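The next block holds one structure in the form of structure tokens; read it before the comments.
In this note's numbering, the protein residues as written are 34 to 203.
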């Protein structure tokens, strides 16, 4: 699909007014991204995800570090490690990996959302608004994103000395 412009079409489908179209496009993008580095990277990522589900975080990190070592341009390897760090409460490391994902794949809505959640935990609500605004541009009909964005904007307005500079750049 990527070779024939399919990813671009799937990204456009995320903006559809149809829930079904958006759901299919989202699933197809995740599938595309998970398989992007080939079958071995996919299998390793799947094993790491299973370990994360069992809360075997040290083992999952070992696997994910190996994926990143072998496939440094595989955005989903970085994204899965960001998720593992998030699940462990290691928000700075998760945020750093989300930034790496976005350097490789700026349209990665999951990384934008993950980055926003890390920023919220770290008290960076301006950063969270910026990240959620980026996610909302990619998935404008995602109620979870738009709801969280509104909540962050509301919190930010209540904070003394806050500015909307980041929100305006988004």
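Quick reminder that beta carbons are idealized off the backbone N, C-alpha and C, glycines included. In this text, all values refer to a predicted model and were calculated from it rather than measured experimentally.
Could you pull the start and end residues of the alpha helix (DSSP H) that residue 50 belongs to?
Taken as a continuous stretch (DSSP letters only), residue 50 belongs to no alpha helix (DSSP H), as it is neither H nor E.
Between residue 74 and residue 104, how many whole angstroms is the CB-CB distance? I'm expecting something under 8 Å.
That pair is a contact at about 5 Å.
Counting pairs of Cβ atoms below 8 Å between the region 87-106 and the region 52-64, do you hit three or more?
With the cut-off at 8 Å, the region 87-106 and the region 52-64 do not touch.
Run the CB neighbour count on residue 145, radius 10 Å, all protein chains shown included, and call it buried at 16 or more, exposed below.
The residue is buried, with at least 16 neighbouring Cβ atoms inside 10 Å.
In this structure, does DSSP put residue 133 in helix, strand or coil?
Helix at residue 133.
Would residue 135 and residue 149 be called neighbours here (beta carbons separated by less than 8 Å)?
Contact: no.
In three-state terms, what does DSSP make of residue 138?
Coil, per DSSP.
How many whole angstroms separate the CB atoms of residue 137 and residue 106, which I take to be in contact at a CB cut-off of 8 Å?
Right, their Cβ atoms sit about 6 Å apart.
Do you know offhand how far residue 199's Cα is from residue 178's?
Unreliable placement is indicated for residue 199, whose pLDDT of 46 sits below 50; no coordinate value is reported for it.
Could you have a look at residue 40 and say whether DSSP puts it in helix, strand or coil?
If DSSP states are grouped into helix, strand and coil, residue 40 belongs with the helices.
Report the start-end ranges of each alpha helix (DSSP H) in the region 81-129 that is 4 residues or longer and not cut off at the edges.
The qualifying runs are 90-103, 108-120.
For residue 79, is the classification buried or exposed, using 16 other Cβ atoms within 10 angstroms of its Cβ as the cut-off for buried?
Flag for residue 79 reads exposed.
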